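Student: Quick note: the sequence shown uses the working numbering, first residue 66, plus one each step.
Cβ atoms here follow ideal geometry from the backbone N, Cα and C, with glycine treated the same way.
Predicted, not measured: the structure shown is a model, and the values here were computed from it.
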Amino acid sequence: MVRRLLALVAAFALAIGFSVSAFAGGGQAPTGNIAIMKHACPENIKNIDDFNALGSFLNQVLTCPVVTRPGDNGPAGAVNGGHVDFNFTVMDSAGHTYTLDDAKFMPAKLCETDLKTDVNGDGKVSADTCVDISHYVISGVAKGKVTITESQPPAGHMFGALLFTPQALGANQDANTLVSASNGTIVLDTTKDNDDTVMLHVYNFKTGMPSTGAGGMANNSNLPVAGMALGLSMLVGLGALGTLALRRR
Numbered sequence: 066m067v068r069r070l071l072a073l074v075a076a077f078a079l080a081i082g083f084s085v086s087a088f089a090g091g092g093q094a095p096t097g098n099i100a101i102m103k104h105a106c107p108e109n110i111k112n113i114d115d116f117n118a119l120g121s122f123l124n125q126v127l128t129c130p131v132v133t134r135p136g137d138n139g140p141a142g143a144v145n146g147g148h149v150d151f152n153f154t155v156m157d158s159a160g161h162t163y164t165l166d167d168a169k170f171m172p173a174k175l176c177e178t179d180l181k182t183d184v185n186g187d188g189k190v191s192a193d194t195c196v197d198i199s200h201y202v203i204s205g206v207a208k209g210k211v212t213i214t215e216s217q218p219p220a221g222h223m224f225g226a227l228l229f230t231p232q233a234l235g236a237n238q239d240a241n242t243l244v245s246a247s248n249g250t251i252v253l254d255t256t257k258d259n260d261d262t263v264m265l266h267v268y269n270f271k272t273g274m275p276s277t278g279a280g281g282m283a284n285n286s287n288l289p290v291a292g293m294a295l296g297l298s299m300l301v302g303l304g305a306l307g308t309l310a311l312r313r314r
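(1) Per the contact definition of three or more C-beta pairs closer than 8 Å, is the stretch 172 to 188 in contact with the stretch 237 to 244?
(2) Under DSSP, the alpha helix (DSSP H) around Leu180 begins and ends at which residues?
(3) Find out if the Cβ-Cβ distance for the pair Asn152, Thr164 is shorter than 8 Å.
(4) Mind reading off the beta-carbon distance from Gly139 to Asn145? Whole number of angstroms is fine, and I expect it under 8 Å.
(5) Give the secondary structure of Ala141 by DSSP, where H, G and I count as helix, E and B as strand, and everything else as coil.
(6) Using only alpha-carbon positions, find the residue among Asp197, Leu119, Ile198 and Pro107 that is nearest to Lys271.
(7) Identify whether Val202 lies in helix, strand or coil by the three-state DSSP scheme.
(8) Provide the residue span of the beta strand (DSSP E) that contains Ala118, from first to last.
(9) For Gly296, name the three-state secondary structure that DSSP assigns.
(10) Within the continuous beta strand (DSSP E) that includes Thr154, where are the two ends?
(11) Is Ala38 helix, strand or coil when you go by DSSP?
(12) Can you tell me which of Gly188, Phe229, Thr128 and Val211 puts its alpha carbon nearest to the alpha carbon of Thr154?
(13) Might you give, ordered along the chain, the residues of its own chain that have their beta carbon closer than 6 Å to the beta carbon of Gly91, omitting 5 neighbours on each side?
(14) Where Thr96 and Val263 are concerned, what is the direct C-alpha to C-alpha distance, given to the nearest angstrom?
(15) On the premise that Met102 lies in contact with His200, defined as a C-beta separation below 8 Å, what is that separation, rounded to the nearest angstrom?
(16) Label Ala192 either buried or exposed according to how many other C-beta atoms from any shown protein chain fall within 10 Å of its C-beta, with 16 as the threshold for buried.
(17) For Asp187, is the classification buried or exposed, using 16 other Cβ atoms within 10 angstroms of its Cβ as the cut-off for buried?
(18) Would you mind sorting Asn109 into buried or exposed? The rule is 16 or more other CB atoms within 10 Å of its CB.
(19) When the Cα of Glu258 is compared with those of Gly249, Asn269, Val267 and Phe229, which residue comes out closest?
(20) Taking just the CA atoms, how far does Asn185 sit from Pro172?
(21) Does DSSP put Ala94 in a helix, in a strand, or in coil?
(22) Who does Asp197 pair with in a DSSP beta bridge?
(23) Grouping DSSP H, G and I as helix and E and B as strand, with all else coil, what is Asn269?
(24) Closest to His148 by C-alpha separation, out of Pro130, Thr250 and Leu253, would be which residue?
(25) On the criterion of 16 or more Cβ atoms from any shown chain inside 10 Å, does Thr162 qualify as buried, or is it exposed?
(26) Hey, how far is the Cα of Val267 from the Cα of Gly160?
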């Protein structure tokens, strides 16, 4: 289980590697990127307590795989939660508004053979068992107060949990940018980020069920520092692009 968790943590760390620093000329405010990865949880995950009760980050990802918008296909061989309609609205500190229609879709995958690790626990390291790491990137977002609203959650779902790529994995301060997150609205101060990209991992829960709250930050305490450090060392040899989302093939 520890090796599987470390492998997935390594995949997570790769998400911060694609960022390109941007600064608008002519005295304008510096800009950066907002990256969004979407997960849909099954109906047995009713609230944030159920989500945190999954324990390890690996179990959270296995239970709530990545989903993509219709027409946005992840790489062949990487299995995810399928296609669903959803959208986000991003308003930056300059008052500019963006949606996922303005975003670049980033299809990508990592397989057990890339990680040299048995991720699904079947005793084999296979090229057919892959991590889907597809996500959306909105570029040119003016730094400062940035408000991200889940304007269209997947049908039958609501905003559930928000995770960040742990800063201990490398040179990112994504979690430090958080001002608030509830009821489908995330507020960031992106001046507190140091690599020009904030990656958001947004999980949705099924609607119509009793809940102890409106969703919010999930418990990241299951990611040990030693494991994260090893994950960072692994990505140096991989040289690939991405972030999470896993389902057994």
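Tutor: This is what the structure holds:
(1) no
(2) Glu177 to Leu180
(3) yes
(4) 5 Å
(5) coil
(6) Pro107
(7) strand
(8) No beta strand (DSSP E) holds Ala118; the alpha helix (DSSP H) holding it covers Ile113 to Ala118.
(9) Caution applies to Gly296, whose pLDDT of 32 falls short of 50 and renders its modelled position unreliable; the value that the coordinates give is listed next. Here Gly296 sits in helix by DSSP.
(10) Asn152 to Met156
(11) Nothing can be reported for residue 38, as the shown portion of the chain is limited to 66 through 314.
(12) Val211
(13) Only weak support is given to the placement of Gly91: the predicted model assigns it a pLDDT of 46, under 50, and the question is left unresolved by the model.
(14) 12 Å
(15) 4 Å
(16) exposed
(17) exposed
(18) exposed
(19) The sequence shown places Asp at residue 258, rather than the Glu named in the question. With distances taken between Cα atoms, Asp258 lies closest to Phe229.
(20) 21 Å
(21) coil
(22) Lys174
(23) strand
(24) Pro130
(25) exposed
(26) 23 Å
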